[in-house]
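Report on one structure; see the data block that follows.
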Amino acid sequence: MLRSVVMLAVLGLAAHSAQAEAIRKANPPSVPKPVAAYSHVAVVPPGTRLLYLAGQVGNRADGTVPATIEEQAVQALENIRLILAAEGAGPEDIVKLTFYAAAKPTDMAKIGAKRAQMLGKSPPPPSTWVYVSGLASPQYLIEVEAIAAVPDKAPTR
């Protein structure tokens, strides 16, 4: 009898753990709604949570899009910061940035300054800059993807 009770308890814990470890996809309310069928973030537990952010364009919260690639890049990076914050993470947790540009910036320093300001004193993540012939809409001049790794908090006792 005791063996059966122990086995049921173990199976119950395993089922609970499997449910707790499921990938969660979300669209935080602090950023514009997706412009197509996707989620802004996917969280993969345990140990280190990996956050895969959908490509962010220069959409502002009010739905407007800046006119220049530099302003769009600054807004895209800000959207990434807001998504990370909604997940309890920060720019220091970014492990990969990919920039897709449909136009050549005339002021790379402005984009670099925003990136540096956002990352603070943390070491900069690996980054890739790719020129593309176009993005999802002609008004978008740049899209930025990010992947972040967030250590799970130790359980409190």
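Residues -20 to -1, 1 to 137 in mature numbering (1 follows the signal peptide of the UniProt record, and there is no 0) are what the sequence shown lists, from first letter to last.
Note that beta-carbon positions come from the ideal geometry of N, C-alpha and C, so glycine has one too.
Subject >> Where the alpha helix (DSSP H) through residue 66 begins and ends >> reply: 49 to 66 is the extent of the alpha helix (DSSP H) around residue 66.
Original post:
In angstroms, rounded to a whole number, what distance separates the CA positions of residue 72 and residue 99?
Top reply: Rounded to whole angstroms, residue 72 and residue 99 show a C-alpha spacing of 6 Å.
**OP:** Counting only the same chain and skipping the five closest in sequence on each side, list residues whose C-beta sits under 6 Å from that of residue 82.
**Re:** Beyond the five residues adjoining it in sequence on each side, residue 82 comes within less than 6 Å, by CB distance, of 112, 114, 115, 121 in the same chain, given in chain order.
**OP:** Please name the residue, chosen from 10, 84, 76, 107, that lies closest to residue 58 on a Cα-to-Cα basis.
**Re:** 10
Original post:
Between which two residues does the alpha helix (DSSP H) containing residue 93 stretch?
Top reply: Residues 88 to 99.
Original post:
If we ignore side chains and look at the alpha-carbon of each, how far apart do residue 54 and residue 27 end up?
Top reply: 32 Å
**OP:** Look at the Cβ atom of residue 64, then the Cβ atom of residue 128, and state whether they are nearer than 8 Å.
**Re:** Yes, the pair counts as a contact, with Cβ atoms nearer than the cut-off.
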